[in-house]
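K.L.:
Take 150 as the starting number for the sequence shown in our numbering and just add one per residue. Where is the CB? At the ideal position from N, CA and C, for every residue including glycine.
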Amino acid sequence: MPTTQRPRPITVLIDDPEIADLIRQLATDRGKTPRQIVAEALRQWIELIEDLEDIALADEARRHAEPTITPEEYARKRGWIA
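#1: How would you call M150, buried or exposed, if buried means at least 16 neighbouring beta carbons within 10 angstroms?
#2: On the three-state DSSP scale, how would you describe L191?
#3: Going by the beta-carbon positions, is the gap between A176 and P166 smaller than 7 Å?
#4: Looking at the unbroken alpha helix (DSSP H) that takes in P220, where does it start and where does it end?
#5: Taking the Cβ atom as the reference point for each residue, do I168 and I186 lie within a distance shorter than 7 Å?
#6: Roughly how many whole angstroms lie between the Cα atoms of D164 and R157?
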C-alpha cells in the first residue's frame with residue numbers, strides 16, 4: 150500500500166511581479182494552483198540539473214578513457230590478421 154507524504158511547507162517570495170502574475174495566469178489557464186505550477190517547474194529544473202550533471206560525468210569519463218580502435222585494428226594488434 151503506497152504511503153502518502155504530507156506536504157512540506159516552504160516559502161518562496163517572487164520579487165518580480167510579472168513572473169508572479171504569469172504563474173497565476175498559467176495556473177488559471179491550466180486548471181492548476183500556483184503551488185502546482187511552481188512545484189512542477191522546480192521538479193523539471195531539478196531533473197535538468199541532474200541530467201546536465203550526468204552529461205558532465207559522461208564527458209569527463211570519455212576524456213579519460215582509452216582511445217577506441219576498430220575491430221580490425223584490434224585483430225591486427227592481436228596478430229589475428231596481417
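P.N.:
For this structure:
#1: With a pLDDT of only 46 at M150, under the threshold of 50, the placement of this residue in the model should not be trusted; the figure read from the coordinates follows. So M150 counts as exposed.
#2: helix
#3: no
#4: Looking at the DSSP string, the run of the alpha helix (DSSP H) that includes P220 is P220 to K226.
#5: no
#6: 22 Å
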